[in-house]
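Per UniProt numbering, the very first residue in the sequence shown carries number 93; after that it's consecutive.
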Amino acid sequence: VVDEEDAEEAALAKMLAAYRGVWVFVEQTEGEPATVSWELMGVGAQLAKEINTELCAIVIGHGVEHLCREAFSYGATKAYLMDQEVFRFYRTEPYLDACCHLIDKYKPEIILMGATGMGRDLAGAVATRVKTGLTADCTGLDVDDKRNLRQTRPAFGGNIMATIMCDKFRPQMATVRPHVMPMSEKKDGAAGEIVREQIALNEADILTKVIEIIRDTKVGIDIAGAEFIVSGGRGMMGPENFAMLQELADELGGVVGASRSAVDAGWMPHDRQVGQTGKTVRPKIYIACGISGAIQHLVGMQDSDVVIAINRDKDAPIFEVATYGIVGDLFQIVPAITNRLREL
Ligand code: FAD
């Protein structure tokens with residue numbers, strides 16, 4: 093039995109040792125990169141440094157070689173490029189084949205993708221095909237002394253933070269939502285190696301066809317990229333009171349966000365929701381008005397540079413993450429702040 097166990101352990105160690113490199117999937121639409129890819133380069137570089145391996149980009153598309161150079165400027169030293177007409181538009185099947193071809197041939201240790209519509213779709217499909225684990229929506233990533241990726245994410249409805257490891261399989265795969273990781277520093281003109289790969293794919297065998305692209309012309313408010321956010325919760329008491337928050341947001345040049353309670357009550361649209369099932373935000377200033385600070389809300393805003401909480405309950409959990417806390421009635425405090433800003 094001991095011999096058998098030893099042999100199993102040796103086989104596992106050999107398999108683990110065959111995988112090296114941290115890869116970041118560079119998500120793009122018609123050659124335009126998604127910024128989450130560059131955010132992932134920052135954490136990817138950190139992981140690569142810790143386990144003394146290289147940071148590589150996966151670039152799949154058509155006419156996308158420029159993204160390899162952009163990946164170098166964000167810290168990658170190598171880019172695997174699969175540039176073919178069949179990859180012009182994102183479709184699960186060809187992108188899955190492309191990723192798996194690269195993984196089979198070059199054996200990465202860690203793969204990071206954005207937790208976007210595309211990244212969530214592709215990462216799940218890849219993990220299934222290569223028979224490895226995937227941790228979705230990670231909020232923290234680091235490595236232990238055995239090169240295992242420690243993937244932290246909220247679990248059980250956000251009531252605990254779980255650290256998940258995939259210690260017997262490779263590659264280790266994780267997705268991270270946009271704005272969870274800080275943007276990595278750009279160094280224009282940095283050099284790297286482009287590894288070109290091609291696969292034979294027959295368009296007729298691909299089940300999904302792109303017939304037409306119809307762009308969404310609705311110009312939504314992007315709370316995820318805003319520098320100043322004034323958010324309201326159940327304490328706002330009704331939709332009409334959000335006008336007060338809009339006035340304050342206008343003075344700051346910011347936008348209005350909301351807790352899930354306010355969204356569920358129909359006071360604000362879902363695209364304004366901050367938190368685990370809404371957007372992750374990282375503004376310079378986040379003002380929480382009448383929001384208690386449930387963990388599911390906190391995971392979406394706790395990395396803001398400055399958090400100002402206004403709540404009449406001095407024990408509200410929001411004060412635990414607040415840089416400045418104001419205990420009192422928001423209906424008096426918010427207009428007072430707005431008026432003071434107008435005087436400046
Ligand atoms: P409450 O918890 O009811 O808090 C209202 C606060 O307003 C209280 O602290 C009260 O003291 C204060 N208040 C009332 N009147 C005033 C006043 N006049 N002046 C000052 N303060 C006042 N929530 C999110 O926000 N985002 C998410 O993405 C999210 N995802 C979730 C996912 C799951 C799986 C689950 C289970 C829950 C999720 N939730 C999410 C819900 C979350 O658990 C909380 O229920 C929600 O955040 C509470 O919203 P709130 O703080 O606005 O309301």
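All residues carry an ideal CB built from backbone N, CA and C; glycine is no exception.
- When the Cα atoms are used, residue 426 and residue 387 turn out to be separated by approximately 24 Å.
- The C-alpha of residue 190 lies about 26 Å from the C-alpha of residue 257.
- The beta carbon of residue 362 sits no closer than 7 Å to any heavy atom of the ligand FAD.
- Between the alpha carbons of residue 420 and residue 405 lies a gap of roughly 8 Å.
- Annotation: the continuous alpha helix (DSSP H) that includes residue 356 extends over 352-356.
- For residue 256, no alpha helix (DSSP H) encloses it; the enclosing beta strand (DSSP E) starts and ends at 252-256.
- The C-alpha of residue 321 lies about 48 Å from the C-alpha of residue 107.
- Listed in chain order, the beta strand (DSSP E) elements of length 3 or more contained wholly in the region 254-286 are 264-268.
- The criterion of a C-beta distance shorter than 8 Å is satisfied by residue 313 and residue 364.
- Relative to residue 276, the option among 128, 111, 114 and 95 whose CA is nearest is 128.
- Counting only runs of 3 or more residues that sit fully inside the region 294-346, the beta strand (DSSP E) segments are 320-324, in chain order.
- The straight-line gap separating the alpha-carbon atoms of residue 197 and residue 372 is approximately 35 Å.
- Within the DSSP bridge table, the entry for residue 175 names 153 as partners.
- Contact between residue 148 and residue 166 is absent: CB atoms are separated by about 12 Å, not below the 8 Å threshold.
- Using a Cβ distance threshold of 8 Å, residue 324 and residue 341 do not count as a contacting pair.
- In this structure, the straight-line span from the alpha carbon of residue 234 to that of residue 267 is close to 13 Å.
- Under DSSP, residue 380 takes part in a beta bridge, and its partners are 323 and 401.
- Annotation for residue 384 indicates a beta carbon within 7 Å of some heavy atom of the ligand FAD.
- By the criterion of a C-beta distance shorter than 7 Å, residue 392 is surrounded in its chain by 366, 367, 368, 370, 371, 372 and 373, once the five residues flanking it on both sides are discounted.
- Rounded to whole angstroms, the separation of the alpha carbons of residue 119 and residue 145 is 22 Å.
- If you ignore the 5 residues before and after residue 409, its C-beta comes within less than 6 Å of the C-beta of 385, all in its own chain and listed in chain order.
- When DSSP states are grouped into helix, strand and coil, residue 227 belongs to the strand group.
- Burial of residue 126 is indicated by the presence of at least 16 other C-beta atoms within 10 angstroms of its C-beta.
- DSSP places residue 130 inside the alpha helix (DSSP H), whose first and last residues are 127-142.
- In the DSSP assignment, residue 166 falls outside any beta strand (DSSP E), carrying neither H nor E.
- The three-state secondary structure of residue 205, taken from DSSP, is strand.
- DSSP, read as helix, strand or coil, puts residue 291 in coil.
- Straight-line spacing of the CA atoms in residue 286 and residue 396 works out to 36 Å.
- For residue 112, the CB contacts under 6 Å within the same chain, skipping 5 residues up- and downstream, are 145 and 201 in chain order.
- Less than 8 Å separates the beta-carbon of residue 185 from that of residue 300.
- Of 398, 294 and 155, the smallest CA-CA separation from residue 375 is found for 398.
- When distances are taken from the beta-carbon of residue 271 to the heavy atoms of the ligand FAD, even the shortest one reaches 7 Å or more.
- For residue 417, same chain residues with a beta-carbon under 6 Å away, outside a window of 5 residues either side, are 401 and 411 in chain order.
- Within the DSSP bridge table, the entry for residue 120 names 125 as partners.
- 8 Å or more divides the Cβ of residue 260 from the Cβ of residue 139.
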